[in-house]
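Using the numbering used here, read the sequence shown as starting at 41 and increasing by one per residue.
The beta carbon of each residue, even a glycine, is placed where N, CA and C say it ideally should be.
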Amino acid sequence: MQGIHQEFVAFEGTKLLTRGHLEEVVTLAKARIDQGTEQRVAIFDDSTARILDFDFRGDVDEVLARLDAHPLLDQEDRRRVPKAGPGRPKLGVVSKEVTLLPRHWQWLARQKGGASATLRRLVEEARRNGGEQEAMRRAQEAVHRFLWDMTSDFPDFEEATRAFFAGQYDRFFQLIAHWPRDIQDHLKRMVNRIGEDTERS
């Protein structure tokens, strides 16, 4: 299949089954389901912790063939392929409509370099200034999704969640220390990634 480059992670109950590219993860999940596991097999997008549903009917080749029609792949393709239209595509510049009030256009016209250059500069400044907060928000949302899906019935779940959102990570790790090892390790990996994501933003 074409296209999905991000990593995925599968859990069988509370045990980490595998982490890797989608085809690899789905193949192993299919094998465990066919072997009659009584545990829930859950597949997550590793970066967002969104849980994904797949049709495991048929043999593994049939399951993999259906991945091309999965909504996730369609979304990724739409993000990767720019729409045709005016602009300078060789430079990565794509023209799209911007709606502004007359006073905004008047202000832009007075700026050095013209409206397009000014808008690009403003967008880049906003990205730099808000990038760290946005990266932090996305990473926190991912941890929260995984917590709710996998640990909401665990002891100390609510207190651990409060500690996490308060940024009390040492306290958070203490509270989850009695949870299943693979769950702990995955959460530690996700929390450690918060700092990495904000540094890259």
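- Per DSSP, the beta bridge partners of Arg59 are Val49.
- Counting C-beta pairs with one atom in each stretch, the region 62-74 and the region 216-236 have fewer than three that are closer than 8 Å, which means they do not touch.
- DSSP, read as helix, strand or coil, puts Ile83 in strand.
- In this chain, Gln208 is not harboured by any alpha helix (DSSP H), its DSSP state being neither H nor E.
- Here the region 47-54 lies against the region 80-92, with 3 or more beta-carbon pairs under 8 Å apart.
- With a contact defined as Cβ atoms closer than 8 Å, Ala203 and Phe212 qualify at about 4 Å.
- Rounded to the nearest whole angstrom, the CA to CA distance from Pro220 to Arg59 is 17 Å.
- With distances taken between CA atoms, Asp74 lies nearest to Val103 out of Val103, His218, Arg90, Glu174.
- Taking the Cα of His184 as reference, the smallest distance to any Cα among Arg143, Phe197, Asp99 is reached at Phe197.
- Annotation for Arg143: the continuous alpha helix (DSSP H) segment containing it runs 142-149.
- Of the candidates Glu165, Glu199, Ala206, the residue whose Cα lies closest to the Cα of Ala217 is Glu199.
- Within the same chain, and ignoring the five residues on either side of Asp222 in sequence, the residues whose Cβ sits closer than 8 Å to its Cβ are Phe51, Thr54, Lys55, Leu56.
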